[in-house]
Each structure stands twice: as C-alpha cells, then as structure tokens.
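I have placed the structure first, in the form of structure tokens, so that the comments after it can refer back to it.
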Amino acid sequence: MYKLFLKPIFFKLDPEKAHYLTFDLLKLALGNPIGRFFCKMFMGFKHPQLKKQLFGLTFENPVGLAAGLDKDAKVFNELATLGFGFIEIGTLTPKPQSGNEKPRLFRLINDSAIINRMGFNNEGVDAAVIRLKAKKTNVIIGGNIGKNKITANEDAIKDYEYCFHALFDVVDYFVVNVSSPNTPNLRDLQDKEPLTHLLNHLQAINNSKLKRKPLLLKIAPDLTNSQLDDIIDIVAITKIDGIVATNTTIARQPLSYSKEYIEAIGMGGLSGKPLAKRSTEVIAYLKTKSNNAFPVIGVGGIHSAEDAIEKIKAGADLIQLYTGFIYEGPSLIKKINKEIIHQRITL
Ligand SMILES: Cc1cc2nc3c(=O)[nH]c(=O)nc-3n(C[C@H](O)[C@H](O)[C@H](O)COP(=O)(O)O)c2cc1C
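By the count of the working numbering, the sequence shown reaches residue 347 at its end, each step adding exactly one.
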C-alpha cells in the first residue's frame, strides 16, 4: 500500500515536507486504538526466535529504526506499532538548534539513496525528555546524543554529559554520535585521544548510577582500517557496550548521477543502497579483527530482507533502517523478520 499509494505522493513533495507529512499521517492513523489494532494485525510479526537478548535488554525482533528520523521523540509510539524491535531517537543536543539552511535533504531516486546535511536540527534534549516520559509503548528506546554546533570541540564533553544525564531515566540504551558529517569538526572527536576521554567520562557517570545503561558509539563508514583498529582498542579501554556501524558517508560513489549533478547538491552524508557495501565491510572488519569482542548494530543501505541478512552474516547483532524505510515503506520490517525465520538465521 505504501509503495502503491503513499510513496508516489510523498516523492512528489519536497523531501523535508514529506517527512513531516508522514509524522502527521502516522499520528492520524495510529493515534487511536482502532488504527493501532489494524496496524498491528497487518504489520505485526512475532516469533520467539526473533527475540534477542543483548546488553541485558530483550529485543522483540532485531530490526530497529536508525537515529535521525524521529530526532525529537515525537512519533516513537506510532513507529513502534509498525513492528520495530527498537527505536533510536535523536541525535539530541542540550540546546534546541535549527540545523543547516534549507534545502538540506535530497533524494537520489535512481540509486535509492539520500544526501542530507540536516545538522542536528532538534528541539533540545529537555523537550524530548518530556515526550519520552509519556511513553505508551514497551519498545526499546535508544537515545542518540550529540553536541550543539556552537559548542567548541574542547567543551563537547559537557554537551554529551548534559544529554546523558537528561535522558538517563527515559531511554534503554545510549549512542554517542561523533560521526555525523554535518556538524563542523564533529568527526575530529573520533580521534583516539578525545574519544577515549569522552567515553571514559560518560562511563564514569554511567557506572556511578544504581544500574548503568548500555553505552554504544556510532562510527562513520569513512574510517580507515587503522582508525577502525583504534576503535577496537577504544572499546576495550573504555569498556563501552558496542558499536553502531555506520553513519552516512562523505563518499559519493557508487552513484549513477553525473558528477555535476552530485556536486550541485553539495555537502552532506550519503545514505541508502550505495552505502550498503561499505557499512557491511566495516561491520565484518570490526567483528573479525576484534575476534567478536563486542556487539555491533549494523546500519547502512538495508533495503531488502537479503540486505539485512547480509549484515547479520557479516556479524551484526541487530540492524537498523533509515533510507530503506523511506524507499520501501514499513512492510520492510515484517519482510526482514519473516525471512530471518524462513532462512533459519541465528541471531
Ligand atoms: C535525513 C537523515 C538524517 C539523519 N540524522 C541522523 C542523526 O541525527 N543522528 C545519527 O546518528 N544518524 C543520523 N542519520 C544516519 C542514519 O541513522 C543511518 O546511520 C544512515 O542513514 C545509514 O543508514 P541507511 O542507509 O539505512 O539510511 C541520518 C540519516 C538521514 C538520511
């Protein structure tokens, strides 16, 4: 139904307008018990073998929503009805910020891809906390945290700490995002020394709590093998719980559009099908090189059940969707889960 009726309308609209129209429709259709009942009936797919125990949490199924779609935690209740096993909200920053100038979201339809330079547009972590406190679903919620654009990298630690404290009681796990290409110099925080310092600091706060929360790090697909080796070391040193691999890429291939067309779009992170191969390589590298030392959430270019299974076979313990969800629609979640059972894939 999505691909037949809704997608043709959405894809005629400006991408950002379509994004917020989707939110309105989700609220309209699933903001009432009858809508939720029928949605669960058609979209839901439960199976005991889809359950996954990880980080001390029980995931109903391994298919999650990646960060960035519900940044402000506005529609996670409705999204949960679609059958996701977990939903990552954010990236949230301490203060509200409007993000980069529009247009900042571009579809590359022929390649099933998106380029975005949103720049952490969000209403600030405190606004999200209020919504999360009114949570009406049991779905696992991840809190993806970042820093404000105006915060210098030297002070970034304070921004992450603020978000960590604010979200602690309302999320099930945390993701530290230092890998967005759309906040100037943010990726410098991926260097070994500042990253170790940041994660050690958050872990110290985490360990001082009565019950700590799983803490993960989201990395870019553009890291070299030697930088990935550093990441493996950092996980061991800081004892964080895992890695989310990967964020969007600053690379611009493989794309079928002309160089001029792509250059005219400008800066931003590329996601969707062209990212699939590289993100799978990163997952496989981390898992093999570390000797399966830590869990990895695999994300990047999953547009079909086969793509998802490829990620799991490369070592992903859970997977996440973003661009594939936009192109293929919510039925992708059920398709992946059914195929995992059909092919008897071990999670
Ligand atoms: C429009 C858009 C906004 C995004 N915003 C965020 C974000 O705020 N934080 C984050 O960690 N990742 C963000 N991402 C990255 C996704 O979570 C995901 O890692 C990436 O898109 C690769 O997955 P995909 O190919 O399935 O889209 C964003 C992606 C898109 C397309």
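Backbone N, C-alpha and C define an ideal beta-carbon position, used for all residues, glycine too.
Assuming residue i is part of the alpha helix (DSSP H), what are its boundary residues?
i: V125; result: V125 to K133
i: A29; result: P15 to L30
i: V170; result: It is not in any alpha helix (DSSP H) - V170 carries neither H nor E in the DSSP assignment.
i: H342; result: S331 to H342
i: L228; result: N225 to T238
i: F11; result: First-last for F11: undefined, no H or E at that position.
i: D155; result: Note, D155: premise wrong, no alpha helix (DSSP H); not H, not E.
i: D188; result: Taken as a continuous stretch (DSSP letters only), D188 belongs to no alpha helix (DSSP H), as it is neither H nor E.
i: A314; result: A305 to A314
With 16 other CB atoms within 10 Å as the buried threshold, where does residue i fall?
i: R344; result: exposed
i: H197; result: exposed
i: I208; result: Note on residue identity: the sequence assigns Ser, not Ile, to residue 208. Label assigned to S208: exposed.
i: Y20; result: exposed
i: H303; result: buried
i: T151; result: buried
i: K158; result: exposed
i: Y261; result: exposed
i: I109; result: exposed
i: G31; result: exposed
i: T238; result: buried
i: N337; result: buried
i: N291; result: exposed
i: A204; result: exposed
i: P221; result: buried
i: G64; result: buried
i: A316; result: buried
Could you tell me the alpha carbon to alpha carbon distance between residue i and residue j, rounded to whole angstroms?
i: F23; j: K51; result: 28 angstroms
i: D228; j: L82; result: In the sequence under discussion, the amino acid at residue 228 is Leu, which differs from the Asp named in the question. The straight-line gap from Cα to Cα measures roughly 34 angstroms.
i: F84; j: L167; result: 21 angstroms
i: Q190; j: D230; result: 9 angstroms
i: P48; j: L54; result: 15 angstroms
i: L255; j: Y327; result: 16 angstroms
i: H131; j: V139; result: The displayed chain sequence assigns Arg, not His, to residue 131. R131 and V139: Cα-Cα distance of roughly 15 angstroms.
i: P181; j: M267; result: 9 angstroms
i: T224; j: I240; result: 21 angstroms
i: G324; j: E78; result: 18 angstroms
i: I319; j: G146; result: 21 angstroms
i: P96; j: F164; result: 16 angstroms
i: L199; j: K17; result: 36 angstroms
i: P15; j: M1; result: 20 angstroms
i: A67; j: A245; result: 12 angstroms
i: Y285; j: T248; result: 18 angstroms
i: P33; j: E60; result: 21 angstroms
i: F11; j: K289; result: 41 angstroms
Return the first residue and the last residue of the beta strand (DSSP E) that residue i is part of.
i: V244; result: G242 to A245
i: L202; result: Taken as a continuous stretch (DSSP letters only), L202 belongs to no beta strand (DSSP E), being part of the alpha helix (DSSP H) at K192 to N207.
i: Q320; result: L318 to L321
i: V176; result: Y173 to N177
i: I216; result: With the sequence shown as reference, residue 216 is identified as Leu, and Ile is not the correct amino acid for it. Counting along the chain, the beta strand (DSSP E) containing L216 begins and ends at L215 to I219.
i: N144; result: I140 to I145
i: I297; result: V296 to V299
Identify every run of the beta strand (DSSP E) within the segment 259-286, keeping only runs that are complete inside it and at least 3 residues long; order them along the chain. 269-272
Report yes or no: do three or more beta-carbon pairs, one from the segment 28-42 and one from the segment 281-301, lie closer than 8 angstroms? No, the segment 28-42 does not touch the segment 281-301.
Any alpha helix (DSSP H) of 4 or more consecutive residues that is wholly inside the segment 42-127: 76-81
Is the segment 63-73 touching the segment 90-101 in the sense that three or more CB pairs, one from each, lie closer than 8 angstroms? Per the Cβ contact rule, the segment 90-101 is in contact with the segment 63-73 (3 or more Cβ pairs under 8 angstroms).
Counting pairs of beta carbons, one from the segment 175-184 and one from the segment 209-219, are three or more of them closer than 8 angstroms? yes
Three-pair Cβ contact test at 8 angstroms for the segment 274-289 versus the segment 118-126: no
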